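Notes follow once the structure below has been shown.
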Amino acid sequence: MSYHQLPPPDTILLAPSHPISSRWWSKETVAIVTGANKGIGFALVRRLAEEGVTVVLTARDTGRGVEAAESLRREGLQNVHFFQLDVANPNSINTFAAWFQEAFGVVDILINNAAVSFNEIHENSVAEAETVIRTNFYGPKMLTEALLPLFRRSSTGARILNISSRLGLLNKLKNPKLKEMLLDEENLSEEQIEGMVNLFLENVKNGTWKSQGWPHVWTDYAVSKLALNAYSRVLARRFKTHGLTVNCFCPGFTQTSMTGGKGNHTADAAATVGARLVLLPAEELSTGKFYVVGSSNAFYSKL
Ligand code: NDP
Numbered sequence: 004m005s006y007h008q009l010p011p012p013d014t015i016l017l018a019p020s021h022p023i024s025s026r027w028w029s030k031e032t033v034a035i036v037t038g039a040n041k042g043i044g045f046a047l048v049r050r051l052a053e054e055g056v057t058v059v060l061t062a063r064d065t066g067r068g069v070e071a072a073e074s075l076r077r078e079g080l081q082n083v084h085f086f087q088l089d090v091a092n093p094n095s096i097n098t099f100a101a102w103f104q105e106a107f108g109v110v111d112i113l114i115n116n117a118a119v120s121f122n123e124i125h126e127n128s129v130a131e132a133e134t135v136i137r138t139n140f141y142g143p144k145m146l147t148e149a150l151l152p153l154f155r156r157s158s159t160g161a162r163i164l165n166i167s168s169r170l171g172l173l174n175k176l177k178n179p180k181l182k183e184m185l186l187d188e189e190n191l192s193e194e195q196i197e198g199m200v201n202l203f204l205e206n207v208k209n210g211t212w213k214s215q216g217w218p219h220v221w222t223d224y225a226v227s228k229l230a231l232n233a234y235s236r237v238l239a240r241r242f243k244t245h246g247l248t249v250n251c252f253c254p255g256f257t258q259t260s261m262t263g264g265k266g267n268h269t270a271d272a273a274a275t276v277g278a279r280l281v282l283l284p285a286e287e288l289s290t291g292k293f294y295v296v297g298s299s300n301a302f303y304s305k306l
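Numbering (the working numbering), first residue to last: 4 to 306.
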């Protein structure tokens, strides 16, 4: 898997030194980051807080989350708040949404970052497929739905950034019927995407998943991200004219727990690009795109 491919012709390219033309955010701007007690999520909270955004750091484990938020406050980032959130648990999502509405009222930025993989780099077991799909696909979907009424409607634009992976790009899927369905942007629906995910889980249960054209690398994780990418496009279409953008971002091969510490760059480096992306002025930010870190830290987007 190469993380240094050249951008395809239909890409949006921003030079690494591309200046942010206007600082549209302030301390009134509120961001939520999931799975933020460590790794890329934690680094994203720090970058956004350093920019002066008010950030809600969430984690499924209260102890780890409190410690992470306190460590940032000790660095002087008093604009970091903590609340427990297990994205795989609907009750936890409801509790979080109710607390958030009471405490903040509106959200400007949602970063769906939390995810799991149970494979070492070169393994491909699907023993935990249900947990992977529930956490990486249904988690962001359920949380997004719970928070949709709370996105601030303003000219600066609210944003959802789903942290995804190149492993879930369409070119990794070899099943022609599913590919055709996912490429039919105008008609693609949430029901179809959930149908695809159910089909995958059925294939896992009856042991046929290896021969059905699913992605070959980290298959359960790749399917969860394939579904997340597709859902992001459907949502982007739904909110295109409503001041809410929905994009995906692949941080590239990053040194975190998920990769056993292997990777081409640190979580801080990945988060610097991710934070810049989510803070782009409304007129420079597309919707329904998949952004990746290019070889020179440029952004480019592709389906
Ligand atoms: P880490 O394993 O370091 O962090 C994952 C985070 O998600 C942890 O905080 C973990 O919490 C949390 N999490 C897991 N399950 C849940 C849950 N049910 N509810 C709430 N939080 C949960 O991984 P990364 O920082 O590398 O991953 C961040 C994102 O980047 C993920 O979406 C990943 O898929 C994506 N990504 C990473 C790449 C890489 O090379 N590292 C490459 C491409 C994409 P806990 O500590 O409790 O386990």
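Ideal placement from N, C-alpha and C gives every residue a C-beta, glycine not left out. Just so it is clear, the structure is predicted and the values come from calculations on it, not from any experiment.
First and last residue of the uninterrupted beta strand (DSSP E) at residue i
i    : result
L60  : 57–62
T248 : 247–253
Q87  : 83–87
V36  : 33–36
For residue i, the residue or residues it bridges with in DSSP
i    : result
N115 : N165
Q258 : T269
F154 : V110
Any non-hydrogen atom of ligand 1 closer than 8 Å to residue i Cβ
i    : result
F45  : yes
A225 : no
I112 : no
T257 : yes
M199 : no
L280 : no
T61  : yes
T90  : A small correction: the amino acid at residue 90 is Val; Thr does not occupy that position in the sequence shown. Yes, the beta carbon of V90 sits closer than 8 Å to at least one heavy atom of ligand 1.
G291 : no
D64  : yes
L170 : yes
R50  : no
P284 : no
K175 : no
S167 : yes
A117 : yes
M261 : yes
T37  : yes
K41  : yes
P93  : no
T248 : no
A233 : no
S120 : yes
A270 : yes
Residue i: first and last residue of the uninterrupted alpha helix (DSSP H) it sits in
i    : result
Y234 : 222–241
V296 : Taken as a continuous stretch (DSSP letters only), V296 belongs to no alpha helix (DSSP H), being part of the beta strand (DSSP E) at 293–296.
I96  : 93–106
Q195 : 193–208
S74  : 65–77
I124 : Looking at the DSSP string, I124 is not in any alpha helix (DSSP H), and its letter there is neither H nor E.
E183 : 179–186
A52  : 42–53
A132 : 132–136
Test: residue i CB closer than 9 Å to a CB of chain B
i    : result
N139 : Looking for chain B here will not work: only one protein chain is present.
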